[in-house]
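Novice: Read top to bottom, the protein sequences are chains H and Z.
Counting from 1 along the first sequence, just add 953 to a position and that's the residue number in our numbering.
Counting from 1 along the second sequence, just add 3 to a position and that's the residue number in our numbering.
For reference, the structure I am asking about is given below.
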Amino acid sequence: MTFAVGSSDPFAEVDAPAPSEVSAEDSALLTGGAFRLSPIPVALAVGTLIAVGLLSATSGAAGLPVAGVLSSLLDHIPLVDLDSSLTVRQESVLFQIRLPRLVLGMLVGGSLGMAGASYQGIFRNPLADPYFLGVSAGAGFGAVLAFGFGLDLGWGPFDAVPAAAFVGALLAVTAAAMVARGPGSSPSTLLLGGVAMAALFSAAQTYALQRLDETRAREVLSWLFGQLSTSGWSEIALLGPYVAVCGGVLLAHRRHLDVLRVGDDEARSLGLDPVRSRMIVIVAASLLTAAAVSVSGLIAFVGLVVPHMVRLMVSHSYRVIVPISALAGGAFLAFVDIGARTLVAPSELPVGVITAFVGAPFFAFLLWRGNGVEA
Amino acid sequence: MSNTSDALVCQGVTVVYRKRVVLSHIDLAVGAGEWLGLIGPNGAGKSTLLHSMAGLADHSGTISLSNGRTPTATDLALVPQTPLLPLGMSVAEYVLLGRTAHLGWLARESRADHRIASGVLRRLDLERFAQRAVASLSGGEAQRVVVARALAQESPLLLLDEPTSALDVGHQAAVLELVDDLRRSDGLTVVAAMHDLTTAARFADRLALLHEGVLIANGVPHEVLDASVLSQVYDTPLSVRTIDDELVVLASPRAKGSLEPAAPEST
């Protein structure tokens, strides 16, 4: 029991401790980081993204100087007037070739990282990933069909390819989730269901590819391998709106993923509708994956490796994992793409090949070590 | 049977699970500020009744607040029997989950939410654990943290599902005394499924005895704890004594062959 100090009635009884006491203790807790998320990981991830961006913009056959790239970029900011030291040709390489590819890599990597983190939260399974859930294969099949029917109309986000990819993605993830809800299911059933869906949709893809004429088939096949090839900014115009909308939805639901970690019943008793949250997140993550697949084909392991590294290095909270996976996924894919462009120059490696070289051993390691089911 | 001093009213609550009637036409009212203990052998339907109250079990009949509204997470908080303590989640983050029902569309916690959670941590003497991982706590500490999360929910009704079944006697008493203190200071209403009849008699104002999904008795502890009724319901000879003004339920030496193995708790 405490008494208010300095009030008109010195014996007035108050329930709470004196205000100064409360705020001191509160702020000790708050500044101690008990509740607030530290800004350091976000700052580090943004810093890495920028560093990778600069490295990527200046790496390649047409060597661009860092200072020139920086001044040219700053010059494009409204109200900033700087003399760029780049030649006209260098400017054109930077803005028509390097930057579109770099931005696309960041958007695709960010999308896959974020989608992977979200799937892991929804399924409470740290090994869930767009690729292993069969989502990518489903999206790939949808996209191949759309390409096959000549539906890549160049309508940006309203093109039929991402829509068809989305239908395929949703079919695959729904089927995998249904398998995981079966009577004989265990935590690994979801992934095995995903593997089954991936096999099914890959076979369907192969069949659809066979029905295409040879030139078209080769085009689609090289896209399917996972490439970040661009023609100017059109791919970004397609993917950008999906990243903005679906990314926004996933960010808004990242706390729901933390609540779901205590199980559906407890989540419901805390005031969350688990079915609704799960549905929204699955649709947003699948749409994001589908849009990424539509522009870059099947790039495996980003959605698995990146959120895992974030969980290992930063936090288990999805409030942190989802946004940092977006930033780190972007940095990771942009970095890997430097290798894809330069390792066997003048020809190129599909970026999906390199992510698989990095990701598959990592995945094997996670399986070997044995991972908790609860993400 | 409803009146304005009732915090929660169950009318004709029936739960059927896989064609088995788990609860049958339960009529039960919980008075505001009272501690109602749900007792009964394993499989009697205590947990199911609590889960129905919390909106977690499909049921027929009605469960409503005094104003006729169906309760939500801002009206009642549940302390589960075996809470899931996520890996790597800190005590502070865990307690903050209790604010879920109060958050807006973007699910962002405000400074007020942080203040409420840190206030609860302070009251329950858990401040020093704030940064610790919940999964690393001992049973007694963890149960306090789960109670803290329920308090952060700021719901006037607290539902406890055998909250101390995993604790030793000392920690059991500590957790229940804590809940009792909070009930008196905050005017909370408590409904608790309780295994130990002596403990139930000590803490509850009123007991509801369930057997095979049916409400057998409902009243103050010395009425409900009738040795012959209990012996029949628990299928074992029990005696009820008064020691130091407290009711104590004791298992009498068994008559040969009178004890059947208890049914597993399926609800």
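Yeah, the Cβ is synthetic: ideal placement off N, Cα and C, and Gly gets one too.
From a predicted model like this one, the values you see are computed outputs, not experimental measurements.
1. Should V194/Z go down as buried or exposed, given a rule of 16 or more other Cβ atoms within 10 Å for buried?
2. Is the shortest distance between the beta-carbon of A207/Z and the beta-carbons of chain H less than 8 Å?
3. Spell out whether any CB of chain A is found under 8 Å from the CB atom of S1155/H.
4. Does DSSP classify Y1072/H as helix, strand or coil?
5. Ignore the nearest five residues each way along the sequence and tell me which others in T245/Z's own chain have a CB closer than 8 Å to its CB.
6. Out of M56/Z, Q84/Z and T65/Z, point me to the one whose CA is closest to A169/Z's CA.
7. To the nearest angstrom, report how far apart M197/Z and I219/Z are at their CA atoms.
8. Quick check on R111/Z: does DSSP put it in helix, strand or coil?
9. Can you give the beta carbon distance from V1173/H to L1191/H, rounded, assuming they're within the 8 Å contact cut?
10. According to DSSP, is G1224/H helix, strand or coil?
11. Looking only at its chain, what residues have a beta carbon closer than 6 Å to the beta carbon of A1151/H, apart from the 5 residues adjacent to it on each side?
12. Please list, in chain order, the chain Z residues whose beta carbon lies closer than 8 Å to that of H1269/H.
13. Does S1025/H come out as helix, strand or coil in the three-state DSSP assignment?
14. Have a look at D164/Z, A155/Z, G173/Z and L253/Z and flag the residue whose alpha-carbon is nearest the alpha-carbon of S231/Z.
15. If we count Cβ pairs, one from each stretch, closer than 8 Å, do we get three or more for the segment 59-71 of chain Z versus the segment 222-236 of chain Z?
16. Using DSSP's beta-bridge definition, name the partner residues of E249/Z.
17. Take L1039/H and list the residues in its own chain whose beta-carbon comes closer than 6 Å to its own, dropping the five residues that flank it on each side.
18. Skipping 5 residues on each side, what residues in its chain have a beta carbon closer than 8 Å to that of Q1049/H?
19. Are T77/Z and A95/Z closer than 8 Å when you measure CB to CB?
20. Check G1185/H in the structure and name its three-state DSSP category.
21. Have a look at T955/H and L228/Z and give me their C-alpha separation to the nearest angstrom.
22. Does G58/Z have its Cβ less than 8 Å from a Cβ in chain H?
23. Does the CB of L1223/H have a neighbour CB from chain Z at under 8 Å?
24. From V1248/H to T167/Z, what does the alpha carbon distance come to, in whole angstroms?
25. Apply the 10 Å Cβ neighbour rule to I1030/H and answer buried if 16 or more other Cβ atoms are within range, or exposed otherwise.
26. My parser needs the alpha helix (DSSP H) runs of 4 or more residues fully inside the segment 1060-1147 of chain H; what are they?
27. Hey, G1147/H and F1119/H are a contact pair by Cβ (cut 8 Å); roughly how many whole angstroms apart?
28. Judging by CA-CA distance, which residue of H214/Z, G40/Z and L181/Z is the nearest neighbour of L26/Z?
29. Of all Cβ atoms in chain H, is any one closer than 8 Å to the Cβ of A110/Z?
30. At a CB distance below 8 Å, what residues from the segment 1013-1033 of chain H approach chain Z? Give them in sequence order.
31. Are there three or more Cβ pairs, one per stretch, closer than 8 Å when the segment 1280-1289 of chain H is compared with the segment 1047-1063 of chain H?
32. Note the first and the last residue of the continuous beta strand (DSSP E) segment covering R1272/H.
33. Secondary structure at S63/Z, three-state DSSP: helix, strand or coil?
34. Only counting the same chain, and skipping five residues up and downstream in sequence, which positions put a Cβ closer than 8 Å to that of P1018/H?
35. Select from R1221/H, G1000/H and L1027/H the residue whose C-alpha is nearest the C-alpha of M56/Z.
36. Answer yes or no: does any C-beta atom of chain H fall closer than 8 Å to that of P86/Z?
Specialist: In short, the structure shows the following:
1. With 16 or more other CB atoms across the displayed protein chains lying within 10 angstroms of its CB, V194/Z is buried.
2. no
3. Among the protein chains of the structure shown, namely H and Z, there is no chain A.
4. Y1072/H: helix per DSSP, three-state reduction.
5. V251
6. Q84/Z
7. 16 Å
8. In the three-state DSSP reduction, R111/Z falls in the coil class, being neither helix nor strand.
9. With 8 Å as the limit, V1173/H and L1191/H do not qualify as a contact, their Cβ atoms being about 16 Å apart.
10. coil
11. G1087 and A1090
12. Going along chain Z in sequence order, the residues near H1269/H (Cβ under 8 Å) are P89, L90, G91 and M92.
13. helix
14. L253/Z
15. No, the segment 59-71 of chain Z does not touch the segment 222-236 of chain Z.
16. I246/Z
17. Excluding positions up to five away in sequence, the list reads G1021 and S1025.
18. If we look at Q1049/H and ignore the five residues flanking it on each side, its Cβ neighbours are G1185.
19. no
20. coil
21. Low confidence applies to T955/H: its pLDDT is 36, below 50, so where it sits in the model is not reliable, and the reading given next is rough at best. Whole-angstrom Cα-Cα distance: 41 Å.
22. yes
23. yes
24. 55 Å
25. Exposed: under 16 other Cβ atoms inside 10 Å.
26. 1088-1101 and 1113-1133
27. With 8 Å as the limit, G1147/H and F1119/H do not qualify as a contact, their Cβ atoms being about 17 Å apart.
28. H214/Z
29. yes
30. none
31. yes
32. Bounds of any beta strand (DSSP E) do not take in R1272/H; it lies within the alpha helix (DSSP H) bounded by Y1271 to T1295.
33. Here S63/Z sits in strand by DSSP.
34. T1011, S1038 and L1039
35. R1221/H
36. yes
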